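First residue of the sequence shown? That's 210 in the numbering used here, and the numbers climb one at a time after it.
Yeah, the Cβ is synthetic: ideal placement off N, Cα and C, and Gly gets one too.
Owing to the predicted nature of the structure, the values given are computational and were not obtained by experimental measurement.
Report on one structure; see the data block that follows.
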Amino acid sequence: MAEQEVLIAGIRNQREILDNLITRLEEKRLLDSYDYQLGEETMKQVKRNLGRLRKFAMEAWVKDQLANQVKSASDYFFGN
């Protein structure tokens, strides 16, 4: 359950980063090169962070799957 909370919090954080970028860009009448650069940097950051969250989620899933297999094997052999 803790992994799920971390994953959801991480995704919400990335949404907040993008919301802040959108708010900043909506306030501008004309976009300049700095705005485009900020957009690119923000998107790269979010992409990198989402990749890390995906890796975390996959590792948690694998850990859970292995734990379930060990429990099943233990139940099978030892009748628990």
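State the Cα-Cα distance for the pair residue i and residue j, rounded to the nearest angstrom.
i    : j    : result
F287 : E249 : 56 angstroms
F265 : V215 : 9 angstroms
A218 : D241 : 32 angstroms
V255 : I226 : 8 angstroms
R263 : L239 : 35 angstroms
V374 : M267 : Outside the displayed range of the chain (210 to 289) lies residue 374, so it cannot be described from this structure.
I220 : T232 : 18 angstroms
So residue i and residue j are supposed to be a Cβ contact under 8 angstroms. How far apart are they, rounded?
i    : j    : result
V269 : E212 : Correcting the residue type first, residue 269 is Ala in the shown sequence and not Val. Contact holds; Cβ gap of about 4 angstroms.
Q223 : L247 : Not quite, the Cβ-Cβ distance comes to about 16 angstroms (not below 8 angstroms), so this is no contact.
K237 : D244 : 6 angstroms
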